[in-house]
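Since the structure comes first, as structure tokens, the remarks are kept for the end.
4 protein chains.
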Amino acid sequence: MNEILESLTKGIAVYETLRTYKGKPFAVNEHYQRLCKSLRYLNIEPPTFEEFEKLVYNNLSERIRIVYVYAGRLISYVFQESTENYNVDYVKIDFTSIRRADSNSIPPDLKSLGRPDIYLARLTKGDNYDVIMLGDKGQICEGTFSNIFIVKNGKFITPSLDSGILDGITRMYVIKYLKEVGYEVEERFVEPYEIFYADEVFLTHTSKGIVPVHQIGTMQTKSIELSSKLTLQFEEYIKWLL
Amino acid sequence: MNEILESLTKGIAVYETLRTYKGKPFAVNEHYQRLCKSLRYLNIEPPTFEEFEKLVYNNLSERIRIVYVYAGRLISYVFQESTENYNVDYVKIDFTSIRRADSNSIPPDLKSLGRPDIYLARLTKGDNYDVIMLGDKGQICEGTFSNIFIVKNGKFITPSLDSGILDGITRMYVIKYLKEVGYEVEERFVEPYEIFYADEVFLTHTSKGIVPVHQIGTMQTKSIELSSKLTLQFEEYIKWLL
Amino acid sequence: MNEILESLTKGIAVYETLRTYKGKPFAVNEHYQRLCKSLRYLNIEPPTFEEFEKLVYNNLSERIRIVYVYAGRLISYVFQESTENYNVDYVKIDFTSIRRADSNSIPPDLKSLGRPDIYLARLTKGDNYDVIMLGDKGQICEGTFSNIFIVKNGKFITPSLDSGILDGITRMYVIKYLKEVGYEVEERFVEPYEIFYADEVFLTHTSKGIVPVHQIGTMQTKSIELSSKLTLQFEEYIKWLL
Amino acid sequence: MNEILESLTKGIAVYETLRTYKGKPFAVNEHYQRLCKSLRYLNIEPPTFEEFEKLVYNNLSERIRIVYVYAGRLISYVFQESTENYNVDYVKIDFTSIRRADSNSIPPDLKSLGRPDIYLARLTKGDNYDVIMLGDKGQICEGTFSNIFIVKNGKFITPSLDSGILDGITRMYVIKYLKEVGYEVEERFVEPYEIFYADEVFLTHTSKGIVPVHQIGTMQTKSIELSSKLTLQFEEYIKWLL
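Chains as they are written, first to last, in the numbering used here: chain G, 1 to 242; chain A, 243 to 484; chain L, 485 to 726; chain U, 727 to 968.
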């Protein structure tokens with residue numbers, strides 16, 4: 001334990017958070033691949049997939065956070081968490097004044113503990129479900145724990161990876177799902193004002209899938225109809241995938 | 243212990259590193275003030291000066307790292323470290339391609355554990371004593387654990403705080419010292435090319451005071467004469483201050 | 485004439501546009517001061533105030549554009565223009581994707597002919613009265629020929645000069661007027677989303693004074709009541725100042 | 727003439743400068759293609775290649791500047807210039823503090839008259855042959871009328887187009903030539919400090935081809951041997967191409 005504490009104090013730790021559906025962990029391989037990326041940024045040899053998988057299955061719960069830290073050798077530990085009981089059908093969000101660190105400072109897909117930008121942004125949440133962080137040029141990036149999509153004229157638009165965002169695994173599955181059922185999805189730089197011109201806005205994150213947004217700051221969104229339908233359909237899709 | 247581990251995993255920790263000269267800790271009040279700033283960014287009530295001072299005196303060693311983390315209440319712990327035995331009169335530095343996170347993402351004076359930009363920059367050090375991080379516009383910021391000064395035509399130039407740097411306590415004392423002995427010191431945006439036009443270059447950091455630079459990448463600096471003299475004089479000055 | 489053409493082709497020209505109210509030119513001294521700034525950026529000795537004033541009075545019309553270009557010596561010429569007959573009480577605006585050049589590239593108060601950023605932004609106007617340009621960090625700057633104000637909870641907010649905007653002379657008089665009648669005016673960085681949370685939005689520019697905004701892109705603004713009242717009051721104020 | 731003057735005063739003009747070798751204009755098609763790009767940014771229908779070619783051949787001189795400006799219809803005019811008599815084998819350059827306007831403000835390949843960033847940079851030249859402009863992130867872009875190359879360990883490195891530079895036609899031919907004779911050429915982001923670590927540095931521009939750099943600010947470059955050889959060989963290559 002002391003060894004972990006010293007490593008956390010002097011080094012840097014990376015992590016992944018996995019969701020379990022009906023007792024089965026979701027997207028284990030995708031989380032493993034992303035973990036490997038994080039570790040490679042730190043010049044640390046990743047564990048084997050088998051080691052990672054075993055850790056997941058030995059610690060199953062609704063949501064688990066697996067942390068890796070280096071102390072001469074790679075050490076891992078797990079926190080089991082329950083999904084927060086958000087009894088919400090739709091949520092309110094806002095923008096935060098804390099900008100996401102630029103990708104030439106911190107690679108967006110290095111998922112490490114204690115990122116101050118994200119921590120500070122969370123402190124500004126108030127009564128919002130999540131707050132949206134802008135990037136270095138003012139482009140929309142993502143929430144502190146969610147990705148954002150807008151719907152405009154039947155088309156789905158979401159910030160591209162090179163906007164400086166984490167490649168959210170739920171985000172990826174939502175894009176996959178939308179394309180499979182025939183929608184057009186545009187990944188590109190998104191300006192803050194576009195969110196106000198949108199027909200619908202929704203968030204995506206591991207714990208809840210698709211979350212419709214009915215309010216942005218003091219503005220009501222135009223509709224949550226399509227997003228609400230997609231929330232249910234995506235939940236079915238995920239269960240079907242497992 | 244478990245409480246600390248969980249807080250480090252889910253939250254963010256701030257710290258200060260203090261140097262001891264001849265058994266006496268240096269600049270305790272300045273470190274305390276900076277710690278308070280860090281904690282206030284996180285909306286955490288700082289400890290009293292008396293609590294901080296007690297912690298310092300109860301853990302005296304050549305160098306101590308005091309960490310504060312929040313877990314419902316403020317928890318602190320200390321690591322004692324010895325000053326690395328750098329038997330060097332002058333050092334080699336270089337630039338790193340990892341940029342310092344911009345101040346609208348992470349306040350430069352929030353001194354927190356696990357900052358990925360600084361950690362990644364350290365990974366690029368190779369055989370350099372330290373590597374210089376540039377800011378969001380390409381301006382010179384600082385090393386991963388040191389501040390940088392250049393000497394040009396008898397004048398001292400160092401990146402200003404609004405370049406996006408930590409207000410290093412040794413940096414502050416060096417500026418104070420230089421002004422007291424009659425030198426002109428300019429704090430401003432410094433461009434990378436200026437370092438190559440300089441007459442002398444030196445670093446400052448807690449553990450070593452003033453460190454002359456004789457080489458930047460593949461380039462020799464013009465001289466280390468004045469810096470070498472200042473190294474000794476500043477050491478005397480610090481001892482005299484205590 | 486050939487001399488002017490060659491200078492325009494090989495050099496750079498600066499200008500000021502003045503409005504005449506009831507046969508009297510407005511803010512001649514302010515325009516002269518701003519012209520001097522522009523010329524000094526180019527290391528060109530400005531004309532005397534008397535020369536400038538004479539040029540203005542010899543070319544009086546509803547609106548005059550005075551251009552200065554350097555060809556060994558300073559050459560000036562004037563275009564007389566009529567104020568476009570905008571029979572509008574309120575207008576529609578939008579954002580443009582063309583960013584305003586950053587102040588470390590082009591000083592915002594260098595008012596020169598042929599600035600491509602502003603010209604390109606104008607090309608994106610469509611049916612909008614003006615389009616709003618963002619700055620290098622995504623902050624709101626100004627329109628292509630107007631400044632922007634928002635009203636929120638009885639307070640007036642407008643981008644500060646260090647947002648990278650021209651110090652519009654009408655903007656300055658509007659701020660002066662608002663303060664004189666007892667309003668609070670905040671000059672600071674303004675984020676694009678703030679415009680959607682505002683109670684009212686209006687533009688200011690030389691030819692029309694205060695222009696209420698009733699629509700931003702596809703969104704109606706909440707009200708134009710106060711702005712509409714101010715339009716008339718400010719017109720009276722200007723006439724009274726003359 | 728008045729029509730041109732009014733258009734230059736109210737609009738924007740684009741241009742190309744062509745060099746003539748032994749009475750034959752060089753790279754007419756490349757200049758035409760680049761002109762078309764410039765005009766398309768402005769939503770202006772370009773002239774036909776035949777019209778452009780005719781204009782070139784009717785105005786042949788050592789160097790001609792062809793300007794296009796829009797006044798209801800496209801108007802063109804030509805200035806004939808002689809190549810400045812630089813009797814130099816190598817040159818001194820420096821950095822300028824004026825940054826090149828970012829590509830989201832002004833497309834780097836919109837070649838228009840009166841760009842203030844470039845004009846202001848020229849004012850800082852002093853006794854330098856040209857000064858190097860950095861981009862919005864501090865990356866090396868180009869000189870005010872030249873492109874820059876460095877040689878390091880037998881490899882050639884030059885800022886990539888997405889560094890925010892004009893696609894210089896001489897630059898393109900130099901890259902083509904270097905590759906044809908078997909050198910490796912890297913186009914990428916180049917940091918200012920790399921120029922000081924280089925074995926050789928040279929500029930390229932229409933009027934002189936390849937120009938070796940022997941001094942950057944107060945620093946001598948290591949060598950101009952290879953660059954000097956290339957200057958002659960490239961001159962031969964161009965003549966052979968015609």
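All C-beta atoms in this analysis are idealised placements derived from N, C-alpha and C, irrespective of residue type, glycine included.
Small disclaimer: the values here were computed from a predicted structure and weren't measured.
Give the straight-line distance between the Cα atoms of Gly138/G and Lys965/U, rounded to the nearest whole angstrom.
Residue mapping note: residue 138/G aligns to position 138 of the first sequence, counting from 1. Residue mapping note: residue 965/U aligns to position 239 of the fourth sequence, counting from 1. Take the alpha-carbon of Gly138/G and the one of Lys965/U: they are about 49 angstroms apart.
Quick one: measure Cβ to Cβ for Asp856/U and Gly869/U, integer angstroms, because I've assumed they're closer than 8 angstroms.
Along the fourth sequence, read from residue 1 onward, the residue named residue 856/U stands at position 130. Along the fourth sequence, read from residue 1 onward, the residue named residue 869/U stands at position 143. At roughly 4 angstroms, the Cβ-Cβ gap stays under 8 angstroms, so Asp856/U and Gly869/U are in contact.
Can you tell me whether Ile708/L sits near the ligand MG, meaning its C-beta is under 7 angstroms from at least one heavy atom of the ligand?
The model on display carries no ligand, and the ligand MG is accordingly not part of it.
Count the C-beta pairs between the stretch 486–504 of chain L and the stretch 551–568 of chain L that are closer than 8 angstroms, then say yes if the count reaches three, no if not.
Under the three-pair Cβ rule at 8 angstroms, the stretch 486–504 of chain L counts as touching the stretch 551–568 of chain L.
Hey, could you find the ends of the beta strand (DSSP E) Val658/L is sitting in?
Translated into the one-based positions of the third sequence, residue 658/L becomes position 174. Taken as a continuous stretch (DSSP letters only), Val658/L belongs to no beta strand (DSSP E), being part of the alpha helix (DSSP H) at Ile653 to Glu664.
Would you mind sorting Asn244/A into buried or exposed? The rule is 16 or more other CB atoms within 10 Å of its CB.
Mapped onto the second sequence, residue 244/A falls at position 2. Exposed, since its Cβ has fewer than 16 Cβ neighbours within 10 Å.
Run of the beta strand (DSSP E) containing His398/A, from where it starts to where it stops:
For the purposes of this step, residue 398/A is taken as the residue at position 156 of the second sequence. This sequence places Phe at residue 398/A; His is not what is there. Its beta strand (DSSP E) spans residues Lys397 to Pro401.
Check whether the Cβ atoms of Phe894/U and Thr930/U sit closer than 8 angstroms, and answer yes or no.
Locating residue 894/U in the fourth sequence gives position 168, counting from the first residue. Locating residue 930/U in the fourth sequence gives position 204, counting from the first residue. Residue 894/U is actually Gly in this sequence, not Phe. Contact annotation: Gly894/U and Thr930/U have beta-carbon atoms nearer than 8 angstroms.
Minimum C-alpha distance to Glu917/U - residue among Ile374/A, Gly451/A and His456/A:
By one-based count along the fourth sequence, residue 917/U stands at place 191. Cα-wise, what sits closest to Glu917/U is Ile374/A.
Suppose you measure from the CA of Leu846/U to the CA of Glu776/U; what does that come to, to the nearest Å?
Numbered from its first residue, the fourth sequence carries residue 846/U at position 120. Numbered from its first residue, the fourth sequence carries residue 776/U at position 50. Here the C-alpha atom of Leu846/U lies approximately 36 angstroms from the C-alpha atom of Glu776/U.
Can you check whether the C-beta of Phe95/G is within less than 8 angstroms of a C-beta belonging to chain A?
Taking the first sequence and counting its residues from 1, the one referred to as residue 95/G is at position 95. Closer than 8 angstroms: no.
I'd like the list of long-range same chain contacts for Glu910/U, defined as Cβ closer than 6 angstroms, with 5 residues on each side in sequence excluded.
Here the question's residue 910/U lines up with position 184 in the fourth sequence. Taken in chain order, the residues that qualify are Lys881.
Residue interval of the beta strand (DSSP E) (run including Ile210/G):
What you label residue 210/G is simply residue 210 of the first sequence in a count that begins at 1. Gly209 to Ile216 is the span of the beta strand (DSSP E), which, as asked, contains Ile210/G.
Between the Cα of Pro842/U and the Cα atoms of Gly852/U, Asp853/U, Asn830/U and Arg825/U, which residue gives the shortest distance?
For this step, residue 842/U is matched to residue 116 along the fourth sequence. The residue among Gly852/U, Asp853/U, Asn830/U and Arg825/U with its C-alpha nearest the C-alpha of Pro842/U is Arg825/U.
Identify every residue that forms a DSSP beta bridge with Tyr68/G.
Start at 1 with the first residue of the first sequence, and residue 68/G comes out as number 68. Val14/G and Ser76/G, per the DSSP bridge assignment.
Does any CB atom of chain G fall closer than 8 angstroms to the CB of Val423/A?
Looking up residue 423/A in the second sequence gives position 181. Among the CB atoms of chain G, none fall inside 8 angstroms of the CB of Val423/A.
Measuring straight from C-alpha to C-alpha, what distance separates Tyr197/G and Thr231/G?
Reading the first sequence from its first residue, position 197 is the one you call residue 197/G. Reading the first sequence from its first residue, position 231 is the one you call residue 231/G. The straight-line gap from Cα to Cα measures roughly 22 angstroms.
If contact is defined by three or more beta carbon pairs under 8 angstroms, each pair taking one atom from either stretch, is the stretch 10–18 of chain G in contact with the stretch 62–73 of chain G?
Taking a cut-off of 8 angstroms on C-beta distances, the stretch 62–73 of chain G touches the stretch 10–18 of chain G, as three or more cross pairs fall below it.
Residue interval of the alpha helix (DSSP H) (run including Ile195/G):
Position 195 of the first sequence holds residue 195/G. Counting along the chain, the alpha helix (DSSP H) containing Ile195/G begins and ends at Glu194 to Tyr197.
Could you tell me whether the stretch 344–353 of chain A touches the stretch 90–104 of chain G, where touching means 3 or more Cβ pairs closer than 8 angstroms?
Verdict: yes, contact present.
Listing by chain order, which chain A residues have their CB less than 7 angstroms from the CB of Glu860/U?
As a first step, residue 860/U must be located in the fourth sequence, where it is residue number 134. Per the sequence presented here, residue 860/U reads as Leu, with Glu not at that position. Using a Cβ-Cβ cut-off of 7 angstroms, Leu860/U is close to Gly380 of chain A, given in chain order.
Just checking: is the beta-carbon of Glu6/G within a distance shorter than 8 angstroms of some beta-carbon in chain A?
Position 6 of the first sequence, counted from the start, is the residue given in the question as residue 6/G. At least one C-beta of chain A is nearer than 8 angstroms to the C-beta of Glu6/G.
Count the other C-beta atoms from every protein chain shown that fall within 10 angstroms of the C-beta of Tyr541/L, then say buried if there are 16 or more, exposed otherwise.
To locate residue 541/L, count along the third sequence from 1; it is residue 57. Using a 10 angstroms sphere on the CB of Tyr541/L, the tally of other CB atoms stays under 16, which defines it as exposed.
Which stretch, first to last residue, makes up the beta strand (DSSP E) that contains Lys878/U?
The residue you call residue 878/U lines up with position 152 of the fourth sequence. Element bounds for Lys878/U: Asn873 to Lys878.
In the DSSP assignment, find the unbroken beta strand (DSSP E) run with Glu45/G in it and report its ends.
Within the first sequence, residue 45/G is the residue found at index 45, counting from 1. Here Glu45/G belongs to no beta strand (DSSP E), and DSSP marks it neither H nor E.
Would you check if the distance between the CB atom of Glu920/U and the CB atom of Ile876/U is smaller than 8 angstroms?
For the purposes of this step, residue 920/U is taken as the residue at position 194 of the fourth sequence. For the purposes of this step, residue 876/U is taken as the residue at position 150 of the fourth sequence. Against a cut-off of 8 angstroms, the Cβ pair of Ile876/U and Glu920/U comes out as a contact.
List, in chain order, every chain U residue whose beta-carbon is nearer than 7 angstroms to that of Ser596/L.
Translated into the one-based positions of the third sequence, residue 596/L becomes position 112. Neighbours of Ser596/L on chain U, chain order: Gly840 and Pro842.
Please determine, among Gln699/L, Gln704/L and Thr608/L, the residue with the shortest C-alpha to C-alpha distance to Leu768/U.
Position 42 of the fourth sequence, counted from the first residue, corresponds to residue 768/U. Each of Gln699/L, Gln704/L and Thr608/L was checked against the Cα of Leu768/U, and the nearest Cα belongs to Thr608/L.
Is the beta carbon of Val575/L closer than 8 angstroms to that of Val695/L?
Stepping through the third sequence from its first residue, residue 695/L is reached at position 211. Stepping through the third sequence from its first residue, residue 575/L is reached at position 91. The beta carbons of Val695/L and Val575/L sit closer together than 8 angstroms.
If you check the beta carbons only, do Ile93/G and Val213/G fall under 8 angstroms apart?
Residue numbering aside, residue 93/G sits at position 93 when the first sequence is read from its first letter. Residue numbering aside, residue 213/G sits at position 213 when the first sequence is read from its first letter. Yes, these two residues count as a Cβ contact at 8 angstroms.
Could you tell me which residues DSSP puts in a beta bridge with Gly143/G?
The residue labelled residue 143/G in the question sits at position 143 within the first sequence. According to DSSP, Gly143/G bridges with Ile132/G.
Indicate the three-state DSSP secondary structure (helix, strand or coil) for Leu445/A in the structure shown.
The sequence position of residue 445/A within the second sequence is 203, counting from 1. It is a strand residue.
Residues of the stretch 745–775 of chain U with Cβ closer than 8 angstroms to any Cβ of chain L, in chain order:
Flagged, chain order: Tyr767, Leu768 and Asn769.
Spell out the partners DSSP gives Gln946/U in its beta bridges.
Position 220 of the fourth sequence, counting from 1, holds the residue named residue 946/U. The partner list for Gln946/U (beta bridge, DSSP) reads Gln941/U.
For Val572/L, which option in Ser691/L, Leu726/L and Asn543/L has the closest C-alpha, if you only look at C-alpha atoms?
On the third sequence, position 88 is the one that residue 572/L refers to. The shortest Cα separation from Val572/L among Ser691/L, Leu726/L and Asn543/L belongs to Ser691/L.
Let me confirm a value: Leu484/A is counted as buried when at least 16 other C-beta atoms fall within 10 Å, else exposed. Which label applies?
For this step, residue 484/A is matched to residue 242 along the second sequence. By the neighbour-count rule (16 or more Cβ atoms within 10 Å), Leu484/A is not buried but exposed.
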